[in-house]
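Take 1 as the starting number for the sequence shown in UniProt numbering and just add one per residue.
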Amino acid sequence: MTKKTDSVRIGDSNGTDKDRMGVVYLEKSFKHKRNPRRQKKLNENRTKLTEEDKKNMKFADFVGLNTTWQKYYRQQLGNNFNAKKHDKRILKADYHGAVLTVWGAENPTQIGISGIVVLETRYTFQLVTIQDRFVVIPKKGTTFRFILGDRLFTLFADGMRQRPALRGKKPRIKRVLPMFIRGTLIPPEKCAPLAETAPQAISEV
1 MTKKTDSVRI
11 GDSNGTDKDR
21 MGVVYLEKSF
31 KHKRNPRRQK
41 KLNENRTKLT
51 EEDKKNMKFA
61 DFVGLNTTWQ
71 KYYRQQLGNN
81 FNAKKHDKRI
91 LKADYHGAVL
101 TVWGAENPTQ
111 IGISGIVVLE
121 TRYTFQLVTI
131 QDRFVVIPKK
141 GTTFRFILGD
151 RLFTLFADGM
161 RQRPALRGKK
171 PRIKRVLPMF
181 IRGTLIPPEK
191 CAPLAETAPQ
201 AISEV
């Protein structure tokens with residue numbers, strides 16, 4: 001079977017340069033269309049943790065990530081934190097590396113669980129606890145708390161059920177942005193007892 005080609009002749013219309021210049025044959029190129037569903041599945045697989053990853057996770061391996069996150073989050077807040085003023089900016093904040101404690105949840109057995117965020121998805125926070133246990137906490141109906149310096153923060157995860165990159169985008173339909181974070185100034189003498197209930201004091205910067 002012969003391959004279909006397009007021929008391009010180089011020369012004038014009378015073909016006087018045909019013998020001198022020759023004929024160039026160009027093969028038709030076919031572009032393969034990508035399957036969007038397959039591409040989406042590949043992207044999802046890249047962000048998923050394998051069972052082996054979950055078994056081998058150690059809390060100590062993520063302490064450095066928590067230190068980096070604390071510096072990053074301080075930059076997001078600035079010198080004077082104001083929840084209303086900074087709401088949209090920290091709405092897009094990345095919580096990978098944060099030490100979160102489940103303060104309220106639809107599943108009462110999850111209340112009190114603390115750990116470093118190793119993966120955030122649209123609907124979950126996935127943590128590794130100080131006991132080197134991997135846990136998945138749904139955002140729906142869950143309230144988290146964390147301490148940074150002399151402030152106690154409360155995250156209302158119902159308002160965070162989107163990926164970080166999409167949380168700050170302006171929605172097409174105008175609606176009231178749900179309050180998802182509240183910062184409370186706490187006295188120094190109360191910081192220590194709170195820190196003991198969660199491993200937040202592992203690397204204060």
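The beta carbon of each residue, even a glycine, is placed where N, CA and C say it ideally should be.
Beta-bridge annotation (DSSP): I147 is paired with L152.
Here E106 is near T142, since their CB atoms are less than 9 Å apart. For I137, the beta-bridge partners assigned by DSSP are F125.
At a Cβ-Cβ threshold of 9 Å, I113 and V135 count as neighbours. CA-to-CA, the gap between N79 and I90 works out to about 14 Å. If you ignore the 5 residues before and after F59, its C-beta comes within less than 6 Å of the C-beta of V128, I130 and D132, all in its own chain and listed in chain order.
In terms of Cβ geometry, F146 and T101 form a close pair [threshold 9 Å]. Residue environment: Q75 is assigned as exposed (fewer than 16 neighbouring CB atoms within 10 Å of its CB, all protein chains considered). Ranked by Cα distance from T68, the options N56, L49, V117 and D53 are led by V117.
T50 and F153 have their C-alpha atoms some 31 Å from each other.
Counting along the chain, L119 sits inside the beta strand (DSSP E) bounded by residues S114 to E120.
DSSP lists F144 as the beta-bridge partner residues of V102. With 16 or more other Cβ atoms inside 10 Å of its own Cβ, I137 counts as buried. Just so you know, the alpha carbons of D150 and G104 end up roughly 22 Å apart.
Counting along the chain, the unbroken alpha helix (DSSP H) around Y73 starts and ends at V63 to L77.
Setting aside the 5 residues that flank it on each side, Q126 is surrounded in the same chain by L49, V117, V118, L119, E120, F134, V135, V136 and I137, each with a C-beta closer than 8 Å to its C-beta; the list follows chain order.
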